[in-house]
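Asks:
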Amino acid sequence: MNILLIGSGGREHALAWQLAQSPSCAKLYAAPGNPGIEVYAECAPIAADDVDALVAFVRTHDIDFVVAGPEAPLVAGLADKLHAIDIPTFGPQAAAARLEGSKGFTKDLCARAGIPTAAYVRCADAAEARAALADFALPVVIKADGLAAGKGVIIAETRAEAEAAIDDMFGGAFGGAGAEVVIEEFLTGEEASFFALSDGVNVVAFGSAQDHKRVGDGDTGPNTGGMGAYSPAPVLTADLEGEVMERIIRPTVAALAADGTPYAGVLFAGLMLTDEGPKLIEYNCRFGDPECQVLMIRFRGDLAALLHAAATGGLAEAPPPMLTHDYALTVVMAANGYPGTPEKGGAIRGIAEAEAGGVRVFHAGTAREDRTIVAAGGRVLNVTATGKSVTEAQARAYAAVDKLDFPTGFCRRDIGWREVAREAE
Ligand code: AMP
Ligand code: GLY
């Protein structure tokens, strides 16, 4: 089949790499793609959130199947429009993509289905939200309801901070995303991510990962989209994974199906492993970035066929996802200035040298200037390696990082530290 992959980051480079190797993929297109993706795919200069232009491209290019990388086109109804012209899409229709698009929607679904998650209230204006604070201990979590590019979550240590966050959100600091606010109980524990594929009815596990959101070593400095990740996350033991499937993932898929809005795609559950068991922090309706890169480097099999099965109600008949038992770890190389204003245009050399020995350097934010690859985003490269332990995967990833010549870039030097420390015990 001919496949259109939507997106332009490291997540999509990793997906493109696996899709291009899939026996069931005939021709791969990407919109808009990036210089890493163009090695495997014909790239079309269409923005990932330009739903109408994407649909028009599908109509005119004999596309059989669309794989959505990011959430924005899904929340905007891409899968609905493609469904209307009988093109299967990996990624949910808008009604089910509300799992990511509206935190209040997800909290209400959890409440109805008895899914373990933090206690919460939804508030429609600042006065209501300020009054609701009285029911929560400190710290308290204040969230803008809608999509806020990962920035709409404030953990307030004091009541004054909480009130300021509420006023900011209703004052438009996150645009339309803050038209409604969710106030949540603060959960404590270790965070882990879990991925499952759903075809609307059937669900299969697709592995676990942990990421590093802060920009600096030792988990310091501002939040980012993720500075590195590893998979699997050993804290999420087989027993805990089973509990997550039974108590969180399956009830979610069942509730959406019962509502007449079945979920087809990947469910990315952000979890807090609390003393009372795993609790859902949030859902995303896409693979994580950079979590996808470590999942893809472990994946074995025909990814295109598996994702197509999820998109067409065929997961029960499809071979279950196969991930190697190796560990994978990815280090994000970012441009100086990230997560503020990243420096653009810095030349990158040494990618082929870094990839010697089975390491993959996925392009996250690059451009091609003549024959040179240059930085063109905040997160620029994802240096991804495998090993028999997280420690080995980490050593191989950093050895590759050290072969890169990217003077205007930086990375964290401690990706995987929690697990490396546990492995040393
Ligand atoms: P989210 O965008 O919902 O994933 O939130 C971003 C980050 O905020 C999460 O990865 C957690 O570290 C933190 N967070 C969100 N909700 C809570 C909560 N209820 N308790 C503790 N931390 C939270
Ligand atoms: N790395 C976190 C995310 O993709 O949301």
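Using my numbering, you'd call the opening residue of the sequence shown number 3 and step up by one each time. Backbone N, C-alpha and C define an ideal beta-carbon position, used for all residues, glycine too.
1) Are there 16 or more other CB atoms within 10 angstroms of the CB of Arg124, so buried, or fewer, so exposed?
2) Would you check whether ligand 1 has a heavy atom nearer than 8 Å to the C-beta of Ala120?
3) Hey, could you find the ends of the alpha helix (DSSP H) Gly244 is sitting in?
4) For the stretch 331 to 396, list the alpha helix (DSSP H) runs that are entirely contained and at least 4 residues long, ordered along the chain.
5) Out of Asp241, Gly389, Lys153 and Pro141, state which residue places its alpha-carbon closest to the alpha-carbon of Leu275.
6) Taking 7 Å as the limit between beta carbons, can you name the residues of its chain near Val155, skipping five residues before and five after?
7) Would you kindly report the start and end of the unbroken beta strand (DSSP E) that includes Met298?
8) According to DSSP, Asp213 sits in a beta bridge with which residue or residues?
9) May I have a chain-ordered list of the beta strand (DSSP E) segments no shorter than 3 residues that lie completely inside the stretch 139 to 222?
10) Classify Arg2 as helix, strand or coil using the three-state DSSP reduction.
11) Helix or strand or just coil, what does DSSP make of Lys29?
12) How is Phe408 classed by DSSP in three states: helix, strand or coil?
13) Please list, in chain order, all residues of the same chain as Ala378 whose beta carbon is under 7 Å from its beta carbon, the five residues on each side excluded.
14) Which partner residues of Ile8 appear in the DSSP bridge assignment?
15) Compute the distance between the beta-carbons of Arg381 and Met324, then report whether it is under 9 Å.
16) Evaluate Lys105 with the Cβ neighbour count: other Cβ atoms within 10 Å of its Cβ, from every protein chain shown; 16 or more gives buried, anything less gives exposed.
17) Taking 8 Å as the cut-off, is the CB of Ile39 close to at least one heavy atom of ligand 1?
18) Going by DSSP, what residues sit across from Gly93 in a beta bridge?
19) Give me the Cα-Cα distance between Leu21 and Asp66, rounded to the nearest whole angstrom.
20) Where does Lys281 land, buried or exposed, given buried means 16+ other C-beta within 10 angstroms?
21) Could you tell me if Glu192 is buried or exposed, where buried requires 16 or more neighbouring beta carbons within 10 angstroms of its beta carbon?
22) Mind checking whether Tyr340 and Ser391 have CB atoms under 9 Å apart?
23) How would you write the range of the beta strand (DSSP E) that Phe270 sits in, first residue to last?
24) Could you check whether Cys287 and Glu102 sit closer than 9 Å to each other, using their CB atoms as the reference points?
25) Could you pull the start and end residues of the beta strand (DSSP E) that Pro280 belongs to?
26) Would you kindly check if the distance between the Cβ of Ala194 and the Cβ of Ile417 is under 9 Å?
27) Measure the C-alpha to C-alpha separation of Pro47 and Ala33 and round it to an integer number of angstroms.
28) Answer yes or no: do Asn225 and Lys215 have a C-beta to C-beta separation smaller than 9 Å?
29) In whole angstroms, give me the CA-to-CA distance for Asp221 and Ile89.
30) For Leu149, is the beta carbon positioned less than 8 Å from some heavy atom of ligand 1?
31) The beta strand (DSSP E) spanning Ala123 covers which residue range?
32) Could you tell me if the beta carbon of Lys346 falls within a distance shorter than 8 Å of some heavy atom in ligand 1?
33) Please state whether the Cβ-Cβ distance between Phe364 and Thr326 is less than 9 Å.
34) Identify whether Thr108 lies in helix, strand or coil by the three-state DSSP scheme.
35) Whole angstroms is fine: what's the gap from Gly152's alpha carbon to Gly180's?
36) Using the C-alpha atoms, what's the distance from Val77 back to His63?
Replies: Concretely, from the data shown:
1) buried
2) yes
3) Ala240 to Val246
4) 353 to 357
5) Asp241
6) Val143 and Lys145
7) Unbroken run through Met298 is the alpha helix (DSSP H), Glu293 to Arg300; no beta strand (DSSP E).
8) Ala231
9) 142 to 146, 155 to 158, 183 to 187, 192 to 201, 205 to 213 and 216 to 218
10) Residue 2 lies beyond the residue range present for the chain, which begins at 3 and ends at 427; the question has no answer from this structure.
11) coil
12) coil
13) Lys346, Gly367, Thr368 and Ala369
14) Ala33 and Ala70
15) no
16) buried
17) no
18) Gly93 pairs with nothing; no bridge assigned.
19) 14 Å
20) buried
21) exposed
22) no
23) Ala266 to Thr276
24) yes
25) Gly279 to Asn286
26) no
27) 6 Å
28) yes
29) 43 Å
30) no
31) The residue asked about is misnamed: residue 123 is Val in this sequence, not Ala. Its beta strand (DSSP E) spans residues Tyr122 to Cys125.
32) no
33) no
34) helix
35) 13 Å
36) 24 Å
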